[in-house]
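Protein chains in written order, with the working numbering: chain A, 1 to 136; chain B, 137 to 272; chain C, 273 to 408; chain D, 409 to 544; chain E, 545 to 680; chain F, 681 to 816.
6 protein chains.
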Amino acid sequence: MYTVTVRDHFMIAHSFKGEAFGPAQRLHGATYVVDLEFRRPGLDAEGMVVDIGRAGEVLRAVLGGLNYHNLDDEPAFTGHNTTSEFLARVVFDRIVAAIGRGALGPGARAVESVRVTLHESHVASASFEGRVNGAP
Amino acid sequence: MYTVTVRDHFMIAHSFKGEAFGPAQRLHGATYVVDLEFRRPGLDAEGMVVDIGRAGEVLRAVLGGLNYHNLDDEPAFTGHNTTSEFLARVVFDRIVAAIGRGALGPGARAVESVRVTLHESHVASASFEGRVNGAP
Amino acid sequence: MYTVTVRDHFMIAHSFKGEAFGPAQRLHGATYVVDLEFRRPGLDAEGMVVDIGRAGEVLRAVLGGLNYHNLDDEPAFTGHNTTSEFLARVVFDRIVAAIGRGALGPGARAVESVRVTLHESHVASASFEGRVNGAP
Amino acid sequence: MYTVTVRDHFMIAHSFKGEAFGPAQRLHGATYVVDLEFRRPGLDAEGMVVDIGRAGEVLRAVLGGLNYHNLDDEPAFTGHNTTSEFLARVVFDRIVAAIGRGALGPGARAVESVRVTLHESHVASASFEGRVNGAP
Amino acid sequence: MYTVTVRDHFMIAHSFKGEAFGPAQRLHGATYVVDLEFRRPGLDAEGMVVDIGRAGEVLRAVLGGLNYHNLDDEPAFTGHNTTSEFLARVVFDRIVAAIGRGALGPGARAVESVRVTLHESHVASASFEGRVNGAP
Amino acid sequence: MYTVTVRDHFMIAHSFKGEAFGPAQRLHGATYVVDLEFRRPGLDAEGMVVDIGRAGEVLRAVLGGLNYHNLDDEPAFTGHNTTSEFLARVVFDRIVAAIGRGALGPGARAVESVRVTLHESHVASASFEGRVNGAP
Numbered sequence: 001m002y003t004v005t006v007r008d009h010f011m012i013a014h015s016f017k018g019e020a021f022g023p024a025q026r027l028h029g030a031t032y033v034v035d036l037e038f039r040r041p042g043l044d045a046e047g048m049v050v051d052i053g054r055a056g057e058v059l060r061a062v063l064g065g066l067n068y069h070n071l072d073d074e075p076a077f078t079g080h081n082t083t084s085e086f087l088a089r090v091v092f093d094r095i096v097a098a099i100g101r102g103a104l105g106p107g108a109r110a111v112e113s114v115r116v117t118l119h120e121s122h123v124a125s126a127s128f129e130g131r132v133n134g135a136p
Numbered sequence: 137m138y139t140v141t142v143r144d145h146f147m148i149a150h151s152f153k154g155e156a157f158g159p160a161q162r163l164h165g166a167t168y169v170v171d172l173e174f175r176r177p178g179l180d181a182e183g184m185v186v187d188i189g190r191a192g193e194v195l196r197a198v199l200g201g202l203n204y205h206n207l208d209d210e211p212a213f214t215g216h217n218t219t220s221e222f223l224a225r226v227v228f229d230r231i232v233a234a235i236g237r238g239a240l241g242p243g244a245r246a247v248e249s250v251r252v253t254l255h256e257s258h259v260a261s262a263s264f265e266g267r268v269n270g271a272p
Numbered sequence: 273m274y275t276v277t278v279r280d281h282f283m284i285a286h287s288f289k290g291e292a293f294g295p296a297q298r299l300h301g302a303t304y305v306v307d308l309e310f311r312r313p314g315l316d317a318e319g320m321v322v323d324i325g326r327a328g329e330v331l332r333a334v335l336g337g338l339n340y341h342n343l344d345d346e347p348a349f350t351g352h353n354t355t356s357e358f359l360a361r362v363v364f365d366r367i368v369a370a371i372g373r374g375a376l377g378p379g380a381r382a383v384e385s386v387r388v389t390l391h392e393s394h395v396a397s398a399s400f401e402g403r404v405n406g407a408p
Numbered sequence: 409m410y411t412v413t414v415r416d417h418f419m420i421a422h423s424f425k426g427e428a429f430g431p432a433q434r435l436h437g438a439t440y441v442v443d444l445e446f447r448r449p450g451l452d453a454e455g456m457v458v459d460i461g462r463a464g465e466v467l468r469a470v471l472g473g474l475n476y477h478n479l480d481d482e483p484a485f486t487g488h489n490t491t492s493e494f495l496a497r498v499v500f501d502r503i504v505a506a507i508g509r510g511a512l513g514p515g516a517r518a519v520e521s522v523r524v525t526l527h528e529s530h531v532a533s534a535s536f537e538g539r540v541n542g543a544p
Numbered sequence: 545m546y547t548v549t550v551r552d553h554f555m556i557a558h559s560f561k562g563e564a565f566g567p568a569q570r571l572h573g574a575t576y577v578v579d580l581e582f583r584r585p586g587l588d589a590e591g592m593v594v595d596i597g598r599a600g601e602v603l604r605a606v607l608g609g610l611n612y613h614n615l616d617d618e619p620a621f622t623g624h625n626t627t628s629e630f631l632a633r634v635v636f637d638r639i640v641a642a643i644g645r646g647a648l649g650p651g652a653r654a655v656e657s658v659r660v661t662l663h664e665s666h667v668a669s670a671s672f673e674g675r676v677n678g679a680p
Numbered sequence: 681m682y683t684v685t686v687r688d689h690f691m692i693a694h695s696f697k698g699e700a701f702g703p704a705q706r707l708h709g710a711t712y713v714v715d716l717e718f719r720r721p722g723l724d725a726e727g728m729v730v731d732i733g734r735a736g737e738v739l740r741a742v743l744g745g746l747n748y749h750n751l752d753d754e755p756a757f758t759g760h761n762t763t764s765e766f767l768a769r770v771v772f773d774r775i776v777a778a779i780g781r782g783a784l785g786p787g788a789r790a791v792e793s794v795r796v797t798l799h800e801s802h803v804a805s806a807s808f809e810g811r812v813n814g815a816p
């Protein structure tokens with residue numbers, strides 16, 4: 001199995017609901033350094049898992065929809081705690097949708113699975129991985 | 137699959153038995169920077185894999201049982217070389233036991249698997265991963 | 273010259289005023305991974321620059337005054353953009369004050385200078401360094 | 409499952425064929441920082457996945473066959489783009505061959521799978537993982 | 545003293561002349577991960593050392609003049625070994641020139657010194673630092 | 681000013697004397713990841729601060745005198761706590777001595793200062809820097 005990984009980041013404000021979160025119930029924020037992995041059993045005709053340039057652009061575009069936002073104000077997240085693991089899934093879903101509409105090129109539809117990791121500090125991270133719908 | 141990872145470290149002395157270890161047969165030591173990963177297919181009601189605060193406390197407590205010890209003097213390790221991979225398994229077993237007795241909260245019993253990685257330097261690491269007994 | 277460095281982090285929300293900040297004028301947030309360096313020409317009687325355990329506790333206490341805060345609501349920062357470089361200076365001033373009141377032990381008053389670095393992502397950081405008032 | 413990982417690096421020149429590569433069609437180069445992981449369900453009699461010293465030597469020898477080369481001149485790669493993912497597979501195949509001929513010691517034949525990751529920068533990497541032929 | 549640092553990278557081919565370089569006399573290449581530091585005793589009216597967004601753009605533009613090049617073919621480097629330390633100076637000179645012509649904004653002319661670090665692998669780096677001509 | 685940095689590591693056992701050290705008074709150990717920096721105002725005829733290959737060998741040789749040792753048994757350290765900052769000075773002195781006897785080549789005598797940093801974990805490090813005796 002081949003994997004290609006690209007990295008970028010985004011910075012947001014949010015707060016959490018629930019006693020378990022302690023002081024993180026207050027409005028605070030985070031930098032998320034994001035690793036996006038594409039997995040595929042074989043390479044395309046040019047020797048690539050995905051076009052790494054386009055992968056970086058798609059990641060930047062997806063993170064651009066979150067970057068410099070107060071996630072407490074995002075209608076899409078109403079009723080959810082935007083924990084790192086929750087956000088990893090959000091980014092995963094948006095990347096898979098981008099693959100589906102061809103944003104990474106037609107070859108990227110051969111990508112079998114994707115993993116998204118959000119590093120929230122030097123001591124904590126969260127990720128979501130799953131198969132890409134309709135992967136062969 | 138969701139993953140949450142927390143990092144901490146411990147510092148020990150030990151020596152190895154066996155010619156393969158060369159100069160590491162002498163009493164020496166190591167800093168182990170530890171990554172502890174919890175994996176689970178879904179999130180709990182609050183949007184978490186585990187309570188990351190409690191995860192950090194449990195990891196600190198488990199590593200506290202090894203930190204600043206000379207492992208050559210630990211009865212639990214008699215007859216074993218305390219290699220990085222062996223110690224990764226030791227930490228894994230103790231984390232799984234902590235989950236079992238509820239130290240991470242009742243929700244953490246839904247954790248399906250755990251991975252423990254010990255970084256012994258900038259160029260070498262070892263890990264052990266396995267299912268959590270009784271995971272659904 | 274000897275240096276000892278300890279690392280910790282804090283997570284805040286804030287926004288910036290001024291067109292130069294572009295989308296960062298919106299309420300967002302950041303994780304700051306903080307490196308705190310103490311510099312001193314000689315070691316104390318026990319062979320230390322500072323007691324590294326106490327240094328970590330003091331850093332944690334100082335960052336605790338910022339952690340999980342919305343800096344836009346802090347009276348101390350009214351009229352200032354809480355950029356990384358500005359916050360590096362804030363942490364510096366509070367560390368120097370802690371040295372002054374003996375929180376790091378009497379020996380720490382021999383510390384000549386301090387440097388505080390705030391890493392806001394994997395590609396950007398800021399720092400402030402200066403002499404400790406009254407250093408010999 | 410146990411894993412042991414060792415790290416080393418190599419530096420090469422190459423160019424790519426295909427419009428997708430944009431300016432990377434020109435002769436350029438890369439440093440590849442390589443993580444080599446060995447996976448095995450149990451430990452050997454001495455408590456190891458593999459002899460980490462020999463693992464490092466074998467990795468160095470394999471990378472030595474690529475280090476300071478212009479890959480455009482390597483007959484083995486004619487007709488291929490030597491992308492990071494392609495090179496990860498090349499290193500994988502050579503490590504597996506080394507295991508097969510006993511370069512890592514007889515015990516290393518119990519290694520079940522190997523993963524090779526090539527970090528080409530602080531924001532991009534690629535890997536190949538697969539089973540070791542004839543693993544039990 | 546305040547410092548702001550931004551990171552980017554470039555990838556080049558080159559070879560060295562001189563027996564001391566051993567196999568690096570062959571055509572090979574490198575990824576250089578670049579840290580660019582700006583130092584200044586005070587902040588501007590908006591609380592910045594430099595506009596970090598513009599700093600990133602200027603760094604990208606300067607590295608774009610080297611990225612995906614075979615440095616052996618660059619007339620500017622004829623007769624020089626393009627070692628990491630030599631290239632750190634090249635990047636420094638071009639950044640200082642960019643400051644001089646106002647590419648970082650008029651405020652950036654208050655920058656007192658600049659440091660450029662090139663990381664060529666996980667175990668080696670080189671840097672050049674100097675005052676900015678005409679700094680107050 | 682030019683700087684070249686090389687990295688290596690060593691692993692030791694030791695214990696500390698003095699209540700300030702708490703549990704670190706017990707026999708334990710550490711991995712020290714070492715960054716060795718050479719500083720020099722100009723480059724040599726081949727465009728180097730020092731021959732980076734020789735620098736790596738000299739660092740390896742110096743660390744080899746400590747690696748896999750129990751520092752409590754080293755006569756050279758009797759009566760001293762072998763803290764990270766103390767050991768940074770030890771490595772510094774031995775590197776400077778190596779420069780003095782020509783181990784880095786005659787050109788290395790132009791090195792003006794040296795800095796040695798010992799990373800003892802992901803959250804703590806210590807360093808010593810000083811001029812090289814007899815530097816021009």
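We put the CB at the ideal spot given by N, CA and C, even for glycine.
Worksheet item: What did DSSP end up calling A302(C) once you bin it into helix, strand or coil?
Response: Translated into the one-based positions of the third sequence, residue 302(C) becomes position 30. Note: A302(C) maps to strand in three-state DSSP.
Worksheet item: Quick one, which residues of the region 625 to 641 of chain E are near chain D if we go by CB-CB under 8 Å, in chain order?
Response: none
Discussion item. Please return the same chain residues whose Cβ sits closer than 6 Å to the Cβ of L104(A), not counting the five positions on each side in sequence.
Written reply: Working through the first sequence from its first residue, we reach residue 104(A) at position 104. For L104(A), where only same-chain residues beyond five positions count, the Cβ hits under 6 Å are V50, R54 and V58.
Discussion item. To be precise: take each residue of the region 281 to 298 of chain C, compare its Cβ to all Cβ atoms of chain E, and keep it if any distance is under 7 Å. Which residues remain?
Written reply: G290, A292 and G294
Fill in: Through-space distance from H150(B) to A160(B), alpha-carbon basis
The count along the second sequence starts at 1 and reaches residue 160(B) at position 24. The count along the second sequence starts at 1 and reaches residue 150(B) at position 14. Looking at the two C-alpha atoms, the distance is approximately 9 Å.
Item to complete: Compile a chain-ordered list of the residues in the region 798 to 811 of chain F whose CB is closer than 8 Å to at least one CB of chain C.
Response: H802, V803, A804, S805, A806, S807, F808, E809 and G810
Discussion item. Could you check whether G780(F) and F630(E) sit closer than 7 Å to each other, using their CB atoms as the reference points?
Written reply: Walking along the fifth sequence from the start, residue 630(E) turns up at place 86. Walking along the sixth sequence from the start, residue 780(F) turns up at place 100. No; because the gap between Cβ atoms is not below 7 Å, this pair is not in contact.
Fill in: Paired residues, beta bridge with L580(E) - DSSP
Here residue 580(E) refers to the residue found at position 36 when the fifth sequence is read from its first residue. Looking at the DSSP assignment, L580(E) forms a beta bridge with V550(E) and V660(E).
Worksheet item: Mind pulling the chain F residues with CB within less than 8 Å of A166(B)?
Response: For the purposes of this step, residue 166(B) is identified with residue 30 of the second sequence, where counting begins at 1. By Cβ distance, chain F contributes M691, G709, A710 and T711.
Practice prompt. Taking only the alpha-carbon atoms, compute the straight-line gap between R381(C) and V368(C) and give it to the nearest angstrom.
Written response: As a working note, residue 381(C) is residue 109 in the third sequence. As a working note, residue 368(C) is residue 96 in the third sequence. Each residue's alpha carbon lies about 9 Å from the other.
Practice prompt. Could you check how far apart the C-beta atoms of M419(D) and A642(E) are, in whole angstroms? I think they sit under 8 Å.
Written response: As a first step, residue 419(D) is located in the fourth sequence; it is residue number 11 there, counting from the start. As a first step, residue 642(E) is located in the fifth sequence; it is residue number 98 there, counting from the start. Not really, about 28 Å apart at Cβ, beyond 8 Å.
Worksheet item: Going along chain E, which residues have a C-beta under 7 Å from Y476(D)?
Response: For the purposes of this step, residue 476(D) is taken as the residue at position 68 of the fourth sequence. In chain order: P567, A568, R570 and H572.
Worksheet entry | Buried or exposed (CB count within 10 angstroms, at least 16 for buried), A605(E) | What you label residue 605(E) is simply residue 61 of the fifth sequence in a count that begins at 1. So A605(E) ends up on the exposed side.
Worksheet item: Tell me which same chain residues have a C-beta within less than 6 Å of the C-beta of L335(C), skipping the five on either side of it?
Response: By 1-based counting over the third sequence, the position of residue 335(C) is 63. D280 and F282, listed in sequence order.
Fill in: Contacts of R7(A) in chain C (Cβ-Cβ under 8 Å)
Locating residue 7(A) in the first sequence gives position 7, where the first residue counts as 1. H394, listed in chain order.
Worksheet entry | D501(D) to P41(A) span [Cα, whole Å] | In the fourth sequence, the residue the question calls residue 501(D) occupies position 93. In the first sequence, the residue the question calls residue 41(A) occupies position 41. Their backbone Cα atoms lie some 15 Å apart in a straight line.
Worksheet item: Does the beta carbon of T214(B) come closer than 7 Å to any beta carbon on chain A?
Response: The residue labelled residue 214(B) in the question sits at position 78 within the second sequence. By this cut-off, T214(B) is not an interface position.
Discussion item. With H, G and I counted as helix, E and B as strand and the rest as coil, what does DSSP make of F349(C)?
Written reply: Sequence index remark: in the third sequence, residue 349(C) carries index 77 (1-based). It is helical.
Practice prompt. Could you check what DSSP says for S220(B) in three-state terms: helix, strand or coil?
Written response: Within the second sequence, residue 220(B) is the residue found at index 84, counting from 1. Helix, per DSSP.
Worksheet item: In angstroms, rounded to a whole number, what distance separates the CA positions of D208(B) and V714(F)?
Response: For the purposes of this step, residue 208(B) is taken as the residue at position 72 of the second sequence. For the purposes of this step, residue 714(F) is taken as the residue at position 34 of the sixth sequence. Using only the alpha carbons, I get a separation of about 26 Å.
Worksheet item: According to the Cβ coordinates, are G328(C) and V278(C) closer than 7 Å?
Response: Translated into positions along the third sequence, residue 328(C) becomes position 56. Translated into positions along the third sequence, residue 278(C) becomes position 6. In contact: G328(C) and V278(C) (Cβ atoms closer than 7 Å).
Worksheet item: Hey, quick one: how far does the beta strand (DSSP E) through E537(D) stretch, first residue to last?
Response: Counted from its first residue, the fourth sequence places residue 537(D) at position 129. Start and end: A532 to R539.
Worksheet item: E182(B) CB to nearest chain A CB: under 7 Å?
Response: Translated into positions along the second sequence, residue 182(B) becomes position 46. Chain A, which has a Cβ nearer than 7 Å to the Cβ of E182(B), makes this yes.
Worksheet item: Interface residues of chain E around L723(F) at Cβ under 7 Å?
Response: Taking the sixth sequence and counting its residues from 1, the one referred to as residue 723(F) is at position 43. The answer, in chain order, is E629 and F630.
Practice prompt. State the CB to CB distance for the pair A348(C) and A398(C), rounded to an integer number of angstroms; the pair is presumed to be in contact (CB under 8 Å).
Written response: If you number the third sequence from 1, residue 348(C) lands on position 76. If you number the third sequence from 1, residue 398(C) lands on position 126. Not really, about 18 Å apart at Cβ, beyond 8 Å.
Practice prompt. Classify R447(D) as buried or exposed, calling it buried when 16 or more other Cβ atoms lie within 10 Å of its own Cβ.
Written response: What you label residue 447(D) is simply residue 39 of the fourth sequence in a count that begins at 1. With 16 or more other Cβ atoms within 10 Å, it is buried.
Worksheet item: Tell me the DSSP bridge mates of V694(F)?
Response: For the purposes of this step, residue 694(F) is identified with residue 14 of the sixth sequence, where counting begins at 1. According to the sequence provided, residue 694(F) is His. The question's Val does not apply to it. According to DSSP, H694(F) bridges with H708(F).
Item to complete: List the DSSP bridge partners of S801(F).
Response: As a first step, residue 801(F) is located in the sixth sequence; it is residue number 121 there, counting from the start. According to DSSP, S801(F) bridges with nothing at all.
Practice prompt. Just grab the DSSP bridge partners of N750(F) for me.
Written response: Stepping through the sixth sequence from its first residue, residue 750(F) is reached at position 70. A693(F).
Practice prompt. From the DSSP output, in three-state form, read off E427(D) for me.
Written response: The sequence position of residue 427(D) within the fourth sequence is 19, counting from 1. The answer is helix: DSSP assigns E427(D) an H, G or I state.
Discussion item. In whole angstroms, give me the CA-to-CA distance for D316(C) and L580(E).
Written reply: Here residue 316(C) refers to the residue found at position 44 when the third sequence is read from its first residue. Here residue 580(E) refers to the residue found at position 36 when the fifth sequence is read from its first residue. Using only the alpha carbons, I get a separation of about 35 Å.
Worksheet item: Is there at least one Cβ from chain B nearer than 7 Å to V400(D)'s Cβ?
Response: Because chain D spans 409 through 544 in this model, residue 400(D) falls outside it and cannot be assessed.
Discussion item. List, in chain order, every chain F residue whose beta-carbon is nearer than 9 Å to that of V276(C).
Written reply: Position 4 of the third sequence, counted from the start, is the residue given in the question as residue 276(C). T763, S764, E765, A804, S805, A806 and S807, listed in chain order.
Discussion item. Please identify the residue among N677(E), V667(E) and G674(E) whose C-alpha is closest to the C-alpha of Y440(D).
Written reply: Translated into positions along the fourth sequence, residue 440(D) becomes position 32. Residue V667(E) is the option with its Cα nearest to Y440(D).
Discussion item. Taking 7 Å as the threshold (C-beta atoms), are R434(D) and Y612(E) in contact?
Written reply: Position 68 of the fifth sequence, counted from the first residue, corresponds to residue 612(E). Position 26 of the fourth sequence, counted from the first residue, corresponds to residue 434(D). Yes, the Cβ-Cβ distance between Y612(E) and R434(D) is below 7 Å.
Fill in: Length of the line joining the Cα atoms of E792(F) and P650(E)
Within the sixth sequence, numbered from 1, the residue matching residue 792(F) stands at position 112. Within the fifth sequence, numbered from 1, the residue matching residue 650(E) stands at position 106. Their backbone Cα atoms lie some 35 Å apart in a straight line.
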